[in-house]
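Enquirer: Before anything else, here's the structure in question.
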Amino acid sequence: MIEHLIESGTSKAMHDLYGATVDERLIQIQKTRQEFEGDYTLVVFPLLRTSRKGPEQTADELGKYLVDFLPEVVDFNVIKGFLNLTVSDVYLHSFFVENKNSAYFGRKKAGTDEPVVVEYSAPNTNKPLHLGHVRNNLLGWSVSEILKASGRNAVKVNLVNDRGIHICKSMLAWQKWGQGKTPESEAIKGDKLVGDYYVKFDKAYKKEIAKLVESGMGKDDAALQAPLIIEAKEMLKKWEQGETETRDLWQKMNSWVYDGFDVTYNRMGIDFEKVYYESETYLLGKKLVNDGLEKGVLFQKEDGSVWCDLSDEGLDEKLLLRPDGTSVYMTQDIGTAQLRYDDYHPSEMIYVVGNEQNYHFDVLKIIMKKLGKEWAENIHHLNYGMVELPEGKMKSREGTVVDADDLMDEMVETARKTTEELGKFGDFSAEESGLLYEMLGLGALKYFILKVDPKRTMLFNPKESLDFNGNTGPFIQYTHARIKSVLRKAESQKIDFRNESKNLNPLQSKEKNLIKILHDFPQTIQQAAENLSPALVANFAYELAKEYNQFYHEFPMLKETDETLRASRLALSEFVANTIKTAMGLLGIAVPERM
RNA sequence: GGCCCCGUAGUUCAACGGAUAGAAUAAGGGUUUCCUAAACCUUAGAUACAGGUUCGAUUCCUGUCGGGGCUACCA
Numbered sequence: 161m162i163e164h165l166i167e168s169g170t171s172k173a174m175h176d177l178y179g180a181t182v183d184e185r186l187i188q189i190q191k192t193r194q195e196f197e198g199d200y201t202l203v204v205f206p207l208l209r210t211s212r213k214g215p216e217q218t219a220d221e222l223g224k225y226l227v228d229f230l231p232e233v234v235d236f237n238v239i240k241g242f243l244n245l246t247v248s249d250v251y252l253h254s255f256f257v258e259n260k261n262s263a264y265f266g267r268k269k270a271g272t273d274e275p276v277v278v279e280y281s282a283p284n285t286n287k288p289l290h291l292g293h294v295r296n297n298l299l300g301w302s303v304s305e306i307l308k309a310s311g312r313n314a315v316k317v318n319l320v321n322d323r324g325i326h327i328c329k330s331m332l333a334w335q336k337w338g339q340g341k342t343p344e345s346e347a348i349k350g351d352k353l354v355g356d357y358y359v360k361f362d363k364a365y366k367k368e369i370a371k372l373v374e375s376g377m378g379k380d381d382a383a384l385q386a387p388l389i390i391e392a393k394e395m396l397k398k399w400e401q402g403e404t405e406t407r408d409l410w411q412k413m414n415s416w417v418y419d420g421f422d423v424t425y426n427r428m429g430i431d432f433e434k435v436y437y438e439s440e441t442y443l444l445g446k447k448l449v450n451d452g453l454e455k456g457v458l459f460q461k462e463d464g465s466v467w468c469d470l471s472d473e474g475l476d477e478k479l480l481l482r483p484d485g486t487s488v489y490m491t492q493d494i495g496t497a498q499l500r501y502d503d504y505h506p507s508e509m510i511y512v513v514g515n516e517q518n519y520h521f522d523v524l525k526i527i528m529k530k531l532g533k534e535w536a537e538n539i540h541h542l543n544y545g546m547v548e549l550p551e552g553k554m555k556s557r558e559g560t561v562v563d564a565d566d567l568m569d570e571m572v573e574t575a576r577k578t579t580e581e582l583g584k585f586g587d588f589s590a591e592e593s594g595l596l597y598e599m600l601g602l603g604a605l606k607y608f609i610l611k612v613d614p615k616r617t618m619l620f621n622p623k624e625s626l627d628f629n630g631n632t633g634p635f636i637q638y639t640h641a642r643i644k645s646v647l648r649k650a651e652s653q654k655i656d657f658r659n660e661s662k663n664l665n666p667l668q669s670k671e672k673n674l675i676k677i678l679h680d681f682p683q684t685i686q687q688a689a690e691n692l693s694p695a696l697v698a699n700f701a702y703e704l705a706k707e708y709n710q711f712y713h714e715f716p717m718l719k720e721t722d723e724t725l726r727a728s729r730l731a732l733s734e735f736v737a738n739t740i741k742t743a744m745g746l747l748g749i750a751v752p753e754r755m
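Here you go:
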C-alpha cells in the first residue's frame, strides 16, 4: 500500500539525507485534509531532531527526495511542518483496474491457524432478549466476521446461563400458577412465556418480603426467609441432585426459551458455531476449584466456603464455592474457560461482555493464572458500553426494558411507513416489499448501534424512531440500490463496462477521491480487527457512500458520450457498490438491489 | 469510602498527540423537463472548568465540578 511505500521511502531519505536511521514511529503518514492540495501528508516535526534543520527546509528536502525516489509520488508542497504529497494517477488507476473485479477485495481468506474464540450473547434462560443483548449480539457477530476478513480464524460461540437460582424462580412460578400453559396454548414465544413467570415470581416474592417486614422482621432477614425463596432454593438443590421431576421441568421450560431465542437470533442474522451451557461446565469449575484448594492456591473458611485471596493484587477475597458447596458465577466461568481451552487451544479468547463486568473478568484472569493456567494471558474482555435510555439505565423492574423482538418489529414497521410515504415501488409484490422492509428496518437498527465506538455508552430513545436519512443504514443501502439501478440500465443498453481496460486519466477530483477511499478498505478492515471495532467499518461505508453520492450528482454516466469515460465511471460505480456490500456485510447488514 | 469509565454544536455520533475540531439530525436558504430527491448544494452552531507537559493537547498528567459503573454467598 502507498502509505508503506512513503514510509519506507522517508526512512531511506532520512538515511541518505541526514545519515541517520529513525524510529518507524516517528514517521507519521496521514491523509491530507480536504482543504489542502495533496493526497498524503508526512508530519515532519518528529524528524527535526534528526535532520537538525527547520521544518520547512526538512519538508522541502524530503519532498524532493520522495518525488525523485518514488514513481508513485509526483508532486509535493509544504505548509508549515506538513509535507503534502500528491500520488500519481497511474498508481491509483492501476489499483482500480487490479481490484475492481475482485470478489474478495479488502478481505483476506479466513485463517486456519489457532482460532480466536469469540464468546458473545450469553443469555439467561429466564427472560427474553432486550436492547442490551442486541448491542452485544451485533457486536459479537460483526467483530467475528471482521476478524475472519482480516485473516484470523475466528470462531463464534455462545454461553447459555441455563442453571441457577434465577432459573428456578421462573420454574417455581410456572409450577404454582402456570396451570399447564405452554407457548403453543398461549400462542406466545417461549422466552416470553417463561419471562412472564419470572416476573410473577418477583412480584409475589416482594409481597412476601413486605409482609414479613410489616410484622417486624428486618429487610435482609425477610429477603432470606420469605417462603418463596426458600422453596426456590430447595428446587435448586433438587436440581443439583438430579431429581427427575425438577430436571424434566427444567428441560421443558429451557427448550421453550431456546425456541424463542432461535427466532430472535435468526431474525437478527446472528449465529454460533458452538453453544456452551453452564449446566455442563459448572461441575468442571467446581473440580478446578477443589484442585486449587488441594494445591493450596485457594483456601477454605470455617463454614466450608472456598475463597481466592486476591490481596496480593490489591483486591479483596473472592468466593468460589458457597458453604453448601454450590457454585457461583465465577466458578462456572472458570469451568467454561477451561473447557473452551481444551476444545480449541485458542490463540485468543474474546469475551464480549458489558463493561459493568470489568471487575469480574479481571478477577477471572487472575484466578486462572493462580490455578496455573498460563493461557489465561490470552483472555481478552471486549467490554462495550451500556445502551442507555433517556431516563437512564434500563431496569426490568421498572418496565423500561426495550424488548428485542418488539424493537425489530417497530423498525420494520417504520421502514414500511417511510417507503409508502415516499410512494416507491408499487410494482413490488407483497413478498418483495416485506423483504425490503425487513432489510431496511434491521439495517437502520444495526447501523445505528454498530457505528458507535463499542467502548462508549450510547443512548437510544425509543420514543423517536430511528432516522432513515443522513448517516444511517438506509442511506448507505440507498446508495447501493441507486448504483445497481444504473448498472441494470447500462446492461440493458448493452454497454460493456466490465472489460474496459482503457485509461480513466486524467482523474477528476471526485473520481480520485473515490478511488482513494476504496484504496483504504483493506487497511480499514485490519484496523477494525485490531481494535475490535465495527464502528470503523461503519464509518468507512458511510464515507464511501457519501462521496459516491456527490460523484453521482456531478458526473453523468449513461448520458456521457465519451465511451471510455462512460465505461470507466460505470466500472467505478460497480466497484463502489461491491465494496459497500462487503463492508455492510461485515456489519450484518444486507443491501437491496432496488429501494 | 475505595476502584474504574465518561463529559465535544440544541440532540446523536467522529477526530494514531498534528494543520482552520469533522458528520448527521433539528433550524434557515436553495437544486427535479437530468442515470432513484431515502439524494445534492448552502447559512449558522461545540471540546465542562483551572493548571501542567509539548514545537503542537479534544487526546497525556494533576485538581475541581458533573454523569455512569463496580465494590453480591445475582448472573
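Under the working numbering, the letters of the first sequence match residues 161 to 755, in that order.
Ideal Cβ placement from N, Cα and C applies to all residues, glycine included.
(1) Can you give the beta carbon distance from L207 to V182, rounded, assuming they're within the 8 Å contact cut?
(2) Just the C-alpha distance for D322 and Y442, rounded to the nearest angstrom, thanks.
(3) Starting from V466, follow its DSSP beta bridges and name the residues at the other end.
(4) Just list the residues that DSSP pairs V277 with in beta bridges.
(5) Contact check, K352 vs V423 under 8 Å by CB: the rounded distance?
(6) If you check the beta carbons only, do L610 and E548 fall under 8 Å apart?
(7) Taking 8 Å as the limit between beta carbons, can you name the residues of its chain near S439, skipping five residues before and five after?
(8) In terms of residues, what are the limits of the beta strand (DSSP E) holding V233?
(9) Note down, in chain order, each residue of its chain lying with its Cβ closer than 6 Å to the Cβ of E279, except the 5 sequence neighbours on either side.
(10) What do you get for N738, buried or exposed, if any count of 16 or more other CB atoms within 10 angstroms of its CB means buried?
(11) Looking only at C-alpha atoms, which of V646, P634, Y712 and E723 sits nearest to S669?
(12) Using 8 Å as the Cβ pair cut-off and three pairs as the minimum, do the stretch 603-617 and the stretch 562-581 touch?
(13) Smallest Cα separation from L704: which of E734, Y264, R726 and K719?
(14) Less than 8 Å between the beta carbons of I306 and A689, yes or no?
(15) I need the straight-line Cα distance from F588 to L596, nearest angstrom please.
(16) Please confirm whether L746 and A314 have their CB atoms less than 8 Å apart.
(17) When burial is assigned at 16 or more other CB atoms within 10 Å of the CB, is R209 buried or exposed?
(18) Suppose you measure from the CA of K706 to the CA of V250; what does that come to, to the nearest Å?
(19) Kindly indicate which three-state DSSP category Q190 falls into: helix, strand or coil?
(20) In or out: H679 buried (at least 16 other Cβ within 10 Å) or exposed?
(21) Assuming E167 and I189 make a contact with CB atoms under 8 Å, what is their CB distance in whole Å?
(22) Quick check: what's the CA-CA separation for D235 versus F229?
(23) DSSP three-state label for F521, please.
(24) Let me confirm a value: P506 is counted as buried when at least 16 other C-beta atoms fall within 10 Å, else exposed. Which label applies?
(25) Quick check on this structure: which residue in L542, K379 and V294 has the alpha carbon closest to the alpha carbon of F421?
(26) Helix, strand or coil, according to DSSP, for T170 in the structure here?
(27) Decide if A219 is buried, meaning its Cβ has at least 16 other Cβ atoms within 10 Å, or exposed.
(28) Any contact of the stretch 358-378 with the stretch 331-339, i.e. 3+ C-beta pairs under 8 Å?
(29) Taking contact to mean 3 or more Cβ pairs, one atom from each stretch, closer than 8 Å, check whether the stretch 462-478 and the stretch 523-530 are in contact.
(30) Please look up how many angstroms separate the CB atoms of L298 and G748, rounded, as I've assumed it's under 8 Å.
(31) By the DSSP assignment, the alpha helix (DSSP H) with H290 in it spans what residues?
(32) Could you compute how far the alpha carbon of D408 sits from the alpha carbon of E592?
(33) Taking buried to mean at least 16 other C-beta atoms within 10 Å of its own C-beta, is G223 buried or exposed?
(34) Just mark L718 as buried or exposed, buried being the case when its beta carbon has 16 or more other beta carbons within 10 Å.
(35) Checking 8 Å against the spacing of the C-beta atoms, do I675 and L177 come in under that value?
(36) For a minimum of 3 consecutive residues, which ranges assigned as the beta strand (DSSP E) are wholly contained in the stretch 176-228?
Expert: Taking the structure as given:
(1) 6 Å
(2) 11 Å
(3) Q460 and L481
(4) V315 and M509
(5) Rounded, the Cβ-Cβ distance is 10 Å, inconsistent with contact.
(6) no
(7) D322 and R323
(8) V233 to I239
(9) V317, L319 and Y511
(10) buried
(11) Y712
(12) yes
(13) E734
(14) yes
(15) 9 Å
(16) no
(17) exposed
(18) 25 Å
(19) strand
(20) buried
(21) 6 Å
(22) 12 Å
(23) helix
(24) buried
(25) V294
(26) helix
(27) buried
(28) yes
(29) yes
(30) 6 Å
(31) Taken as a continuous stretch (DSSP letters only), H290 belongs to no alpha helix (DSSP H), as it is neither H nor E.
(32) 43 Å
(33) buried
(34) exposed
(35) no
(36) 188-191 and 200-203
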